[in-house]
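Reviewing the structure listed below.
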Amino acid sequence: MASHKIDNTDVKIMETLQMRARTKRGQLAEEAGLSIPTISERLHKLESNGYITGYNAILNPQRVGLSLTAFISLTAESSSYYTDIIEQANKYDEILECHAITGKGSHLLKVRVTDTIALERLLSEIQSWPGVKDTRTDVVL
């Protein structure tokens, strides 16, 4: 992959798209004071060089029935399980993020579920994963 150095215009384009991913190229061009072909070329370079990796719709969790968000800190029995835990976490739609961390615990999971019953069910599954020593759950208010 060729190296692409970004400038202030690229940063402004990315900031706009991060806030409003559906912004039309014409509007981006107008805001940046550039032509549509120039914006298209810049977007292509930002995408092909990995600065922009996708465009997402951000859903309202409550409207789609996922009203409970929690963070689950888990501790692995040893570092040999770190990769296995991340692979397990990637199998669950309810687990939005999984990070290997320092400090108390070895991994931090961000989960979103329908209710406490679903959270309890998910926790039971996580606690049965090979290499999971213990968990601690914090529910977002």
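According to the working numbering, the sequence shown is numbered sequentially starting from 1001.
Positions of the beta carbon are idealized from the N, C-alpha and C atoms, including for glycine.
In angstroms, rounded to a whole number, what distance separates the CA positions of residue i and residue j?
i, j, result
"T1023", "L1043", "12 Å"
"G1131", "I1072", "15 Å"
"R1121", "I1036", "51 Å"
"V1111", "K1133", "19 Å"
"I1158", "R1025", "Given that the chain is displayed from residue 1001 to residue 1141, the structure contains no residue 1158 and the question cannot be resolved."
"Y1082", "Q1127", "14 Å"
"Q1062", "T1053", "26 Å"
"Y1051", "E1030", "22 Å"
"R1136", "L1123", "10 Å"
Can you say whether residue i is buried or exposed, counting buried as having 16 or more other CB atoms within 10 angstroms of its CB?
i, result
"V1113", "buried"
"S1117", "Looking at the sequence provided, one finds Ile at residue 1117 rather than Ser. Exposed, because fewer than 16 other Cβ atoms sit within 10 Å of the Cβ of I1117."
"T1107", "The residue you asked about is not Thr; residue 1107 is His in the sequence shown. The residue in question, H1107, is buried, as its Cβ has 16 or more Cβ neighbours within 10 Å."
"L1141", "exposed"
Here's a check: name, in chain order, each residue in its chain whose Cβ is nearer than 7 Å to the Cβ of residue i, leaving out the five neighbours to either side.
i, result
"A1089", "I1095, C1098 and L1109"
"A1032", "T1009, K1012, I1013 and I1039"
For residue i, which residues in the same chain have their Cβ closer than 8 Å to its Cβ, ignoring the five residues on either side in sequence?
i, result
"A1021", "Y1055, N1056 and A1057"
"S1078", "G1131"
For residue i, collect the residues of the same chain with a Cβ closer than 6 Å to its Cβ; drop the 5 residues on either side in sequence, then sort them by chain order.
i, result
"D1138", "F1071"
Q.
For the pair the segment 1047 to 1059 and the segment 1101 to 1110, tell me if three or more CB-CB distances fall below 8 Å.
A. no
Q. Counting pairs of beta carbons, one from the segment 1068 to 1082 and one from the segment 1049 to 1060, are three or more of them closer than 8 Å?
A. no
Q. What are the complete beta strand (DSSP E) segments, minimum 3 residues, inside the segment 1063 to 1118?
A. 1068 to 1076, 1095 to 1100 and 1107 to 1113
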